Amino acid sequence: MTKGLSSRTSHFFLPKQWASMRRAEQLERATGRHVIHLEKGDFQGEEFRPAPHILEACAKALRDGHVRYVPGPGLPELRDAIAEEVTRRGRPTRREEVLVTMGAKHALTQSLLTLVDQSDEVIFSNPGYPPDEFWITYAGGVVRYAPLLEPDFRFDLDALARLMTAKTKLLIINTPQRPNGMVVGELEKIAALCMERDVMVISDEIFSHMVYPPAAHRTIAAVDGMAKRTVLVDTFSKSYIMTGFRIGWCVADADLIRTMDIFQQNSVTNVPAFVQTAALAALTGPQDHVLATRARLQAKRDKVVAALNALPGVTCPTPEGSFYVFPDIRGTGMTAQQFTDHLIDHYSVGVVAGTAFGSLGEGHVRITYALPDDLLDAGLERINRAVNDL
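Using this note's numbering, you'd call the opening residue of the sequence shown number 367 and step up by one each time.
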């Protein structure tokens with residue numbers, strides 16, 4: 367290249383939360399060793415597959431020739447079904463307020479690039495989800511970090527109020543949270559702060575259907591006065607085990623959705639029709655598969671939490687949702703990265719260093735438990751040996 371890259375790419379880096387996976391896969395290729403992947407933010411194994419009616423809807427759509435362009439914001443019937451879903455969450459919604467996107471990540475990207483202007487400040491939780499920081503920076507915005515307080519990783523409301531200035535454009539909420547699985551509480555107080563300071567919210571709710579009783583999912587968009595102030599983002603990836611389908615959605619004020627649709631039509635054009643047909647079947651068909659998946663994951667969560675809490679120097683809060691645990695490993699005397707490297711290099715098990723999610727992730731690692739019991743048990747046994755061998 368003779369001219370070089372755009373200055374906007376100066377902050378480009380591969381996703382920090384995937385660094386462990388890249389290293390583990392490199393180790394497997396180089397040595398032939400089998401790494402147990404507890405670091406992947408995805409389902410593994412045959413027990414985690416989309417429901418048969420979802421797969422059949424996708425296959426039928428392909429057989430019937432649904433392989434052409436479709437309306438940019440999404441199939442009308444799918445937008446209507448999403449509107450009904452969000453209305454059930456307490457935020458009355460119309461089709462015109464729904465945009466179907468290429469996964470939740472694309473919904474987040476479009477939201478940030480549409481809303482964030484040069485020097486706008488965006489409040490982002492620490493620990494939080496790294497791709498949000500990436501696009502805030504790309505848009506010329508400034509990230510302000512809101513600390514989450516242990517052990518339940520709740521917002522420090524006093525710190526949050528201090529962070530909100532005249533330059534604050536957005537607050538990003540993720541509930542249940544990545545990487546720790548906790549549900550964000552005190553939504554009315556957070557909403558009151560946002561309305562008082564004229565701050566919009568992006569509410570990332572990709573694990574909305576993976577909240578374990580007695581906890582319950584709530585959206586800040588349903589709080590009085592917050593519907594037009596909130597961009598609600600969700601996906602079919604987690605609830606319906608459709609990670610590879612790459613389909614998500616967002617709900618916001620109709621004017622904002624129209625602008626984001628222009629962004630979408632000038633970038634990816636539209637989500638493939640056969641994928642949208644599968645998503646419609648997921649949302650409007652039987653939901654027993656979702657409930658069964660949640661029950662299966664809850665059992666795995668309980669097993670993992672118990673096993674980790676039995677280890678010397680490790681404490682593991684019980685997450686209220688998601689398929690992650692975020693144990694505190696400071697009692698081992700190691701940093702998050704040291705512990706992660708120790709597991710990969712010497713015990714062939716992958717986890718994610720908590721620092722991938724921010725400075726307050728130090729002393730923690732993220733572990734995924736959405737994998738078959740035999741692999742999960744083997745991974746826990748290797749972690750047990752790794753800790754006890756220290």
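Beta carbons: idealized from backbone N, C-alpha and C, even for Gly. Given the structure is predicted, the values throughout are model-derived calculations rather than measurements.
>> So, with DSSP's three-state summary, where would you put residue 582?
In response: Reduced to three states, the DSSP call for residue 582 is coil.
> Going along the chain, which residues of its own chain have a beta-carbon closer than 6 Å to the beta-carbon of residue 506, five neighbours each way excluded?
Replying inline: These residues qualify, in order along the chain: 484.
>> Would residue 473 and residue 560 qualify as a contact pair, given that the criterion is a beta-carbon distance under 9 Å?
In response: Not a contact, by the Cβ cut-off of 9 Å.
> With DSSP run on the structure shown, which of helix, strand or coil describes residue 756?
Replying inline: In the structure shown, residue 756 adopts coil according to DSSP, grouped into three states.
>> Is it buried or exposed, residue 542, if we count other Cβ atoms within 10 angstroms and call 16 or more buried?
In response: By the 10 Å Cβ count, residue 542 comes out buried.
>> With a threshold of 7 Å on Cβ separation, who are the neighbours of residue 553 within its own chain once the five nearest residues in sequence on each side are excluded?
In response: So the qualifying residues of the chain are 584, 586 and 589.
> Considering residue 656, what are the terminal residues of the alpha helix (DSSP H) in which it resides?
Replying inline: Where residue 656 is concerned, the enclosing alpha helix (DSSP H) stretches over 654–675.
>> Would residue 690 and residue 420 be called neighbours here (beta carbons separated by less than 9 Å)?
In response: Judged by beta-carbon spacing, residue 420 lies beyond the 9 Å limit of residue 690, meaning their Cβ atoms are not closer than that value.
> For the region 442–490, which segments carrying the alpha helix (DSSP H) assignment without a break, of at least 4 residues, lie completely within its bounds, in sequence order?
Replying inline: Runs found: 442–454 and 469–481.
> Excluding the five sequence neighbours on either side, which residues of its own chain have a C-beta within less than 8 Å of the C-beta of residue 625, listed in chain order?
Replying inline: The beta carbon of residue 625 is closer than 8 Å to those of 480 in its chain, skipping five residues each way along the sequence.
> If you drop the 5 nearest sequence neighbours on each side, which residues of the same chain put their C-beta closer than 7 Å to that of residue 393?
Replying inline: Same-chain partners within the cutoff: 399, 401 and 710.
>> Taking the alpha carbon of residue 516 as the reference point, which residue from 692, 637, 640 and 391 has its own alpha carbon closest?
In response: Minimum Cα distance to residue 516 is reached at 692.
> In angstroms, rounded to a whole number, what distance separates the CA positions of residue 428 and residue 633?
Replying inline: Within the model, the alpha-carbon separation for residue 428 versus residue 633 is close to 23 Å.
> Since residue 706 is in the alpha helix (DSSP H), which residue starts that stretch and which ends it?
Replying inline: Run containing residue 706: 702–713, per the alpha helix (DSSP H) assignment.
> Whose C-alpha, out of 378, 647 and 701, is nearest the C-alpha of residue 731?
Replying inline: Each of 378, 647 and 701 was checked against the Cα of residue 731, and the nearest Cα belongs to 701.
> Between the C-alpha atoms of residue 647 and residue 387, what's the straight-line distance to the nearest angstrom?
Replying inline: Near 32 Å, if we compare the C-alpha coordinates of residue 387 and residue 647.
>> To the nearest angstrom, how far is the alpha carbon of residue 440 from that of residue 378?
In response: Residue 440 and residue 378: Cα-Cα distance of roughly 30 Å.
> Between which two residues does the beta strand (DSSP E) harbouring residue 512 extend?
Replying inline: Secondary structure note for residue 512: its beta strand (DSSP E) is the uninterrupted segment 508–515.
> Assuming residue 494 contacts residue 686 under a Cβ cut-off of 8 Å, what Cβ separation, rounded to an integer in Å, is found between them?
Replying inline: In fact, because the Cβ distance is near 17 Å, the residues do not count as touching under 8 Å.
> When DSSP labels each residue in this structure, what does residue 521 get in the three-state scheme?
Replying inline: Assignment of residue 521 by DSSP, reduced to helix, strand and coil, places it in the strand class.
> Between which two residues does the alpha helix (DSSP H) harbouring residue 549 extend?
Replying inline: Where residue 549 is concerned, there is no enclosing alpha helix (DSSP H), given that its DSSP letter is neither H nor E.
>> According to DSSP, simplified to helix, strand and coil, what is residue 590?
In response: DSSP places residue 590 in coil when its eight states are reduced to three.
> Whose C-beta lies closer than 7 Å to the C-beta of residue 551 among residues of the same chain, with five residues either side of it excluded?
Replying inline: Closer than 7 Å at Cβ, skipping near neighbours: 520.
> If you drop the 5 nearest sequence neighbours on each side, which residues of the same chain put their C-beta closer than 7 Å to that of residue 451?
Replying inline: Sequence-distant Cβ neighbours of residue 451 in its own chain, meaning closer than 7 Å and more than five residues away, are 649.
>> If distances are taken between C-alpha atoms only, which option among 628, 602 and 489 comes closest to residue 567?
In response: Ranking 628, 602 and 489 by Cα distance to residue 567 puts 489 first.
> Taking three-plus beta-carbon pairs below 8 Å as touching, is the region 739–755 in contact with the region 668–681?
Replying inline: Contact holds: three or more Cβ-Cβ distances are below 8 Å.
>> Are the CB atoms of residue 718 and residue 470 within a distance shorter than 9 Å?
In response: Going by C-beta atoms, residue 470 is not nearer than 9 Å to residue 718.
> The alpha helix (DSSP H) with residue 626 in it runs from where to where?
Replying inline: Boundaries of the alpha helix (DSSP H) around residue 626: 620–631.
> What whole-angstrom Cβ distance do residue 601 and residue 614 have, given they're in contact under 8 Å?
Replying inline: That pair is a contact at about 4 Å.
>> Could you pull the DSSP bridge partners for residue 616 from this structure?
In response: Note: residue 616 sits in a beta bridge opposite 465 and 599.
>> Could you tell me which whole alpha helix (DSSP H) segments of length 4 or greater appear in the region 373–444?
In response: For secondary structure counted as the alpha helix (DSSP H) over 4 or more consecutive residues, the region 373–444 holds these complete runs in sequence order: 385–397 and 418–429.
>> For residue 465, count the other beta carbons within 10 Å of its own beta carbon; 16 or more makes it buried, fewer makes it exposed. Which is it?
In response: Its Cβ being crowded by 16 or more others within 10 Å, residue 465 is buried.
>> Helix, strand or coil, according to DSSP, for residue 687 in the structure here?
In response: It is a strand residue.
> Going by the beta-carbon positions, is the gap between residue 714 and residue 597 smaller than 9 Å?
Replying inline: No, they are not a contact pair.
> In angstroms, rounded to a whole number, what distance separates the CA positions of residue 412 and residue 737?
Replying inline: Each residue's alpha carbon lies about 9 Å from the other.
> Taking the alpha carbon of residue 684 as the point to measure from, which residue in 558, 371 and 581 has its own alpha carbon closest?
Replying inline: When each option's Cα is compared against that of residue 684, the closest is 581.
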